[in-house]
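Trainee: Sharing a structure here in structure tokens format.
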Amino acid sequence: MSNSTMIDVLMSITVVQMFLVLILIAKPLWEEVYKIIRRIFGRG
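Quick note: the sequence shown uses the working numbering, first residue 1, plus one each step.
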């Protein structure tokens, strides 16, 4: 019983960490993608 709750807690923590890491990685990445898209479509 306690073992399953421990796993649930660990899972929720890893999901939150993954989400935070994804945000930290994706934010500058999306800024670069946005610049490239603006550069491509900005000419027209």
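Note that beta-carbon positions come from the ideal geometry of N, C-alpha and C, so glycine has one too. Here the structure is a predicted model, which means the values were calculated and not measured.
Taking DSSP as the reference, what is the three-state secondary structure of R43?
Mentor: If DSSP states are grouped into helix, strand and coil, R43 belongs with coil.
Trainee: Excluding five sequence neighbours on each side, which residues of the same chain lie with their C-beta closer than 7 angstroms to the C-beta of V16?
Mentor: For V16, where only same-chain residues beyond five positions count, there are no Cβ hits under 7 angstroms.
Trainee: How many angstroms separate the CA atom of N3 from the CA atom of L10?
Mentor: One C-alpha to the other measures close to 11 angstroms.
Trainee: Nearest-angstrom Cα distance between I25 and M18?
Mentor: Looking at the two C-alpha atoms, the distance is approximately 10 angstroms.
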